[in-house]
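Q: A single structure is presented below for examination.
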Amino acid sequence: MSRRAGTAALLAALLLAAVFPLAVSRPAWQNTAILMLMAAQLGVAWNILGGYAGQVSLGHAAFFGTGAYVSSLLSMRLGLSPWLGMLAGALVASAFAVVIGWPCFRLKGHYFAMATIAVVEIVQAVVNGWERLGGAVGLYLPLAESGFAGFVFNRSKLPYYYIALALLVLTLAVNWLVARSRTGYYLRAIKDEPDAARSLGVSLTRYKLQAIALSAALAAMGGTLYAQKELFIDPGSTLSTSLSIKMSLVAILGGVGTLFGPVIGAAVLTAIEEGSRVLFGGTGRGTDLVVYGLLIVLFAVYQPAGIMGWITGRWPGARAARREEEP
Amino acid sequence: MTQILLQTILSGVLIGLVYALVAVGLTLIFGVMDIVNFAHGEFLMLGMYASFWGWALWKLDPLFTLPFTALGLFAVGALLYRLVIRRIIDAPMLSQVFTTFGLMILFRGLAQYLWSPDFRSVEHTVVAGKVAFAGLSFGLPQVTAAAGAVVTTGAVWWFLRFTRLGAALEATAADKEAAALMGIDGQKMFALAWGIGAACAGVAGALLSATYPIFPDVGASFILVAFVLVALGGFGSVTGAFWAGILVGVVEVVGGFLWDPAYKMVLVLSLYLLVVWLRPQGLLGKA
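These protein sequence lines are chains Z and X, in that order. Numbering follows the working numbering, in which position 297 of the first sequence is assigned residue number 297; successive positions increment by one, without gaps. In the working numbering, each residue carries its 1-based index in the second sequence increased by 1000.
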């Protein structure tokens, strides 16, 4: 596959995504598609830190939740537009990420991952007990008049779909730019050969901090979108370790450190999640959890390179195309 | 006031000793093979359910079934190693994390599927009532659980320190290649570590079953504390986990008493972050 063919395939995929909800009008399907796009966006955002820099964060829900809470509180208390709230949330999350990242980046591997779990659990417990932030009950966003300005759409899910798609495209673009930039080179160097990178004078912490700030900002934007779509947020749904893990799971399932891996991972994971819920769930028997857990184990053990790894392993042509894509 | 404070501190010590037992299993697995077991809380959950079913079906007291629970969990741990963990020893950290994380979800799902998400409890245990001395009073089940935890932790410590098999396990933890050259079968040691680790958590589950609600996700509240203990005590250190357990139990209960019970985990986790940031080798670990 040449570069031109790759670009053509990308445009075709984008076109397909753009017309999908027009062709499929069932609300349940549209909703599943929105969930896929949102999961993909978060996975791509996580990938900037987890995939390219190799820093496995299991606390990204802290940034997602920051985005959701900042935009919601600003619109509820100060009447600020959620679009501006989205930017504010992204900024706050970046700042928070730098504050967290600075000490945590001293830790390696498991230790870093465990510290990020502690961070998200602390944030969750604090918000749970903080009445002014809605506490454990959560926040109900006021039902504003439907429209683009208010970021609320009551009549149809369609606008959320396109906003999610746009956010995903933006996140992919940022990821692509990062991968091609000097920072991207250094991040890969840090991941593969940390000692060599350091001996060549690469400031590990500086590039890791850039990665976590970008990654957090994008995850926070996803959080604002979630809040505006659901019009309800609480610590359990926006600040949980399981949400953090899902973000990373999407990336690992699709292929860590690849541009489109998380998109594929999100499509597969959401399909499995929703599928097993429809087929086995609803009985409260946890069959969906069994399927979900089993799948994670099988993938982690037998296909750690993810679906992208499997594709490139099968069709060497695709691997050549990918190599071009990642200079 | 001092009376109340003393009562609170000692209550913290009691629960801390049980935390320590959960963490001993985790730190053992970590020390021997450098894998963080996210599914460790689920071993505790299985221990609790084993006690519950022994009581519900045959009217057997959790303390009576405890040896069987320990053996059963040993088998679960060793089997899990043979079937799954063996395949990811040399895998990247990411796949190790997700393997044990997937196991955690799988076990919770299975428990929910087999035994429903309902809260269960064991009632009318042999050990009941309170002990009182010097104006302080403690629930006898809590005291028994703490005593059982100390005995089990002590047994693991003794095993590692004074038996040939334990020495072999410690040797593997210290240096895999050198131990293999001395004729120690690494595979066997890894399976043993998983077996003992799971058994410790299972025993803790059995000890807690008389006082704690039993449900599929019960492991969640223990795994975080166990992580904290492993980090505080120094990764891989049994005695470290023991002292860290007492410390965290006291911090949790006293903090909940002086401040707000809702924030007790915030205290414990902040202590954890502070320690890993300032002393990555653990509070009690050697540099």
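Where is the CB? At the ideal position from N, CA and C, for every residue including glycine.
#1: Of all Cβ atoms in chain Z, is any one closer than 8 Å to the Cβ of residue 1273/X?
#2: Are the CB atoms of residue 1235/X and residue 1002/X nearer to each other than 8 Å?
#3: Residue 1131/X by DSSP, collapsed to three states: which one?
#4: Counting only Cβ-Cβ distances shorter than 9 Å, please list the residues of the segment 1092–1104 of chain X near chain Z, keeping chain order.
#5: Can you check which of these residues, 1276/X, 1140/X, 1123/X, 1199/X, is closest to residue 1131/X by C-alpha distance?
#6: Can you tell me where the beta strand (DSSP E) holding residue 1137/X begins and where it ends?
#7: Mind checking whether residue 59/Z and residue 244/Z have CB atoms under 8 Å apart?
#8: I want to know whether the segment 126–145 of chain Z touches the segment 243–261 of chain Z - three or more CB-CB distances under 8 Å.
#9: So, with DSSP's three-state summary, where would you put residue 1212/X?
#10: Contact between the segment 135–155 of chain Z and the segment 71–86 of chain Z is defined here as three or more beta-carbon pairs at a separation below 8 Å; is this criterion met?
#11: List, in chain order, every chain Z residue whose beta-carbon is nearer than 7 Å to that of residue 1227/X.
#12: For the segment 261–316 of chain Z, list the alpha helix (DSSP H) runs that are entirely contained and at least 4 residues long, ordered along the chain.
#13: For residue 1265/X, return the contacting residues in chain Z, with the cut-off set at a CB-CB distance below 8 Å.
#14: Assign residue 1015/X to one of three DSSP states: helix, strand, or coil.
#15: Classify residue 1235/X as helix, strand or coil using the three-state DSSP reduction.
#16: Measuring alpha carbon to alpha carbon, tell me which residue in 1209/X, 1251/X, 1190/X, 1204/X is nearest residue 1088/X.
#17: Does the segment 1081–1097 of chain X come into contact with the segment 1026–1043 of chain X, if we say contact requires no fewer than three beta-carbon pairs (one atom in each stretch) closer than 8 Å?
#18: Quick one, are the C-beta atoms of residue 262/Z and residue 124/Z less than 8 Å apart?
#19: Please tell me whether residue 1345/X has its Cβ less than 8 Å away from any Cβ of chain Z.
#20: Using a 10 Å radius around the Cβ and a threshold of 16 neighbouring Cβ atoms, would you call residue 1287/X buried or exposed?
#21: Cα separation between residue 154/Z and residue 270/Z?
#22: Pick helix, strand or coil for residue 50/Z, following the three-state DSSP scheme.
#23: For a quick check, are the C-beta atoms of residue 65/Z and residue 57/Z less than 8 Å apart?
#24: Leaving out the 5 sequence neighbours to the left and right, which residues in its chain are closer than 6 Å to residue 1177/X when beta-carbon positions are compared?
#25: Taking just the CA atoms, how far does residue 1275/X sit from residue 118/Z?
#26: Using a Cβ-Cβ cut-off of less than 8 Å, give me the residues of the segment 85–109 of chain Z that come near chain X, in sequence order.
#27: Output yes if chain X places a C-beta closer than 8 Å to the C-beta of residue 300/Z; else output no.
#28: Indicate whether residue 175/Z and residue 92/Z have their beta-carbon atoms separated by less than 8 Å.
#29: Helix, strand or coil for residue 137/Z, going by three-state DSSP, please let me know.
A: Checking against the coordinates, here is how it stands:
#1: yes
#2: no
#3: strand
#4: 1092, 1093, 1094, 1095, 1096, 1097, 1098, 1099, 1100, 1101, 1102, 1103, 1104
#5: 1140/X
#6: 1136–1139
#7: yes
#8: no
#9: coil
#10: yes
#11: 114
#12: 261–279, 287–302, 306–314
#13: Going along chain Z in sequence order, the residues near residue 1265/X (Cβ under 8 Å) are 121, 122, 125.
#14: In this structure, residue 1015/X counts as helix in the three-state DSSP scheme.
#15: coil
#16: Comparing Cα-Cα distances from residue 1088/X to each of 1209/X, 1251/X, 1190/X, 1204/X, the minimum goes to 1190/X.
#17: Three or more beta-carbon pairs separated by less than 8 Å link the segment 1081–1097 of chain X to the segment 1026–1043 of chain X, which places the two stretches in contact.
#18: no
#19: The structure shown does not extend to residue 1345/X, since chain X is modelled only from 1001 to 1287, so the question has no answer here.
#20: Its pLDDT being 48, under 50, residue 1287/X is placed unreliably in this model, and the coordinates cannot settle the point.
#21: The straight-line gap from Cα to Cα measures roughly 24 Å.
#22: helix
#23: no
#24: none
#25: 12 Å
#26: 103, 104, 106, 107, 109
#27: yes
#28: no
#29: Coil.
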